[in-house]
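Residue numbers (the numbering used here): 47 to 339.
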Amino acid sequence: MKNLLYQWDTDALPSVFDSVVAYDGGADHVVSYGGVTPDRVGPLVEGAIFTRGPKDKRHTAIFVGGSDLIAGEALFKAVQKKFFGKFRVSLMLDSNGANTTAAACVALLSNGRSLEGMSATVLAGTGPVGQRAAVMLAREGVIVTLTGRQLEKTRAVCDALEKQFDVRLSAVAAPDLDSRARSVMDANIIIATGAAGVVLLEEKHWSGLPKLQLVADANATPPAGIEGVDMMDRGAHRHNALTYGAIGFGTLKLALHRACIGRLFQQNDLVLDATEIYAIAKEMVGQSHGEKP
Ligand code: NAP
47 MKNLLYQWDT DALPSVFDSV VAYDGGADHV VSYGGVTPDR VGPLVEGAIF TRGPKDKRHT
107 AIFVGGSDLI AGEALFKAVQ KKFFGKFRVS LMLDSNGANT TAAACVALLS NGRSLEGMSA
167 TVLAGTGPVG QRAAVMLARE GVIVTLTGRQ LEKTRAVCDA LEKQFDVRLS AVAAPDLDSR
227 ARSVMDANII IATGAAGVVL LEEKHWSGLP KLQLVADANA TPPAGIEGVD MMDRGAHRHN
287 ALTYGAIGFG TLKLALHRAC IGRLFQQNDL VLDATEIYAI AKEMVGQSHG EKP
């Protein structure tokens with residue numbers, strides 16, 4: 047029985063990245079659809095759930111992706127609404143790589159140490175990766191501040207996350223380098239999740255911070271989101287903090303994404319979103335990856 051992955055993307059052109067990782071994660075065949083919306087997904091789900099007998103349903107799975115996390119979440123919900131009883135297949139959400147990227151990053155930061163009670167600033171956290179990273183940190187007991195350039199938008203993002211994930215987040219407007227420098231002054235952890243190639247923090251603004259312990263930058267497109275962090279950093283010692291760059295934790299992100307795909311084919315009722323993907327990331331860190339704290 048072949049492992050079939052239905053890659054349903056909310057963008058017009060389905061992600062090539064997601065389809066390559068799907069093959070590498072254990073799919074025998076990947077069927078990619080673009081422009082999938084909640085109102086058109088019904089017949090697609092029916093095709094996936096009504097075609098194989100109970101013991102073979104695990105060989106069919108669905109991956110929801112695309113660049114828009116909000117659209118992805120709506121599609122993810124619509125797919126689950128069509129499931130009933132045993133008529134379901136395993137399902138994963140990873141719009142823009144948000145869950146796997148954030149999970150890899152936060153799992154590395156929390157490896158071998160408790161983050162409970164620490165304070166973190168997620169710079170430019172209003173995008174998909176920042177939102178998920180903020181939730182994962184908050185679930186670790188971290189007091190999280192999320193910044194964006196506009197207060198209203200940042201607050202709306204935090205409110206939505208608080209409702210969806212039952213966490214507490216503070217929204218701060220930080221439209222320029224100086225205001226972002228102020229937003230990290232008391233932080234133990236800084237994670238930058240800004241758009242590719244945008245410098246969010248200068249080195250002089252974090253190099254002397256007395257409480258800072260952990261710094262991560264998700265941006266893999268030069269210049270770095272946090273000046274002074276190398277994209278290859280994976281627990282490098284810089285200015286009394288441990289630093290992680292986008293490629294440094296990107297290898298775990300890729301391994302995690304593949305592992306999640308593999309797990310979809312082990313049962314027919316797995317649902318992988320932020321919580322579950324973060325749990326898998328934590329399992330992987332320190333085990334097969336032999337990470338050092
Ligand atoms: P995104 O949605 O493109 O951007 C995140 C936020 O950046 C936006 O919500 C926006 O916030 C802010 N922003 C945009 N332009 C800005 C500017 N000129 N100045 C200041 N802030 C600006 O990002 P994402 O998809 O969440 O991804 C975050 C980062 O992770 C990106 O750099 C992406 O390339 C990287 N990434 C890395 C990996 C990996 O494996 N390492 C995987 C996926 C993605 P406001 O409008 O609210 O200010």
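Think of the CB as a built atom: it goes at the ideal place given N, C-alpha and C, for glycine as much as any other residue. Values in this document were obtained by computation on a predicted structure and should not be read as measured data.
Reference residue i; option with closest CA among the options
i: residue 106; options: 295, 241, 90; result: 90
i: residue 141; options: 121, 218, 206; result: 121
i: residue 113; options: 66, 148, 59, 150; result: 59
i: residue 61; options: 109, 71, 95; result: 109
i: residue 52; options: 153, 125, 168; result: 125
i: residue 329; options: 80, 134, 292, 150; result: 150
i: residue 187; options: 166, 201, 200, 48; result: 166
i: residue 259; options: 160, 65, 175, 137; result: 160
i: residue 164; options: 209, 155, 104; result: 155
i: residue 252; options: 288, 265, 217; result: 288
i: residue 80; options: 72, 319, 49, 64; result: 64
Backbone CA spacing between residue i and residue j [nearest angstrom]
i: residue 93; j: residue 317; result: 18 Å
i: residue 179; j: residue 77; result: 29 Å
i: residue 2; j: residue 98; result: Not covered by the structure: residue 2. The range shown for the chain is 47 to 339.
i: residue 185; j: residue 213; result: 7 Å
i: residue 127; j: residue 270; result: 41 Å
i: residue 333; j: residue 84; result: 38 Å
i: residue 282; j: residue 69; result: 32 Å
i: residue 255; j: residue 232; result: 8 Å
i: residue 118; j: residue 292; result: 23 Å
i: residue 326; j: residue 302; result: 7 Å
i: residue 309; j: residue 222; result: 42 Å
i: residue 219; j: residue 47; result: 53 Å
i: residue 194; j: residue 257; result: 22 Å
i: residue 284; j: residue 235; result: 13 Å
Exposed unless 16 or more other CB atoms sit within 10 angstroms - verdict on residue i
i: residue 225; result: exposed
i: residue 173; result: buried
i: residue 280; result: buried
i: residue 278; result: exposed
i: residue 242; result: exposed
i: residue 177; result: buried
i: residue 103; result: buried
DSSP beta-bridge partners of residue i
i: residue 75; result: 50
i: residue 110; result: 54, 139
i: residue 83; result: DSSP, once it has assigned bridges, lists no residue as partnering residue 83.
Ligand 3 heavy atom lying under 7 Å from the CB of residue i
i: residue 155; result: As far as ligands go, the structure on display features ligand 1 and does not contain ligand 3.
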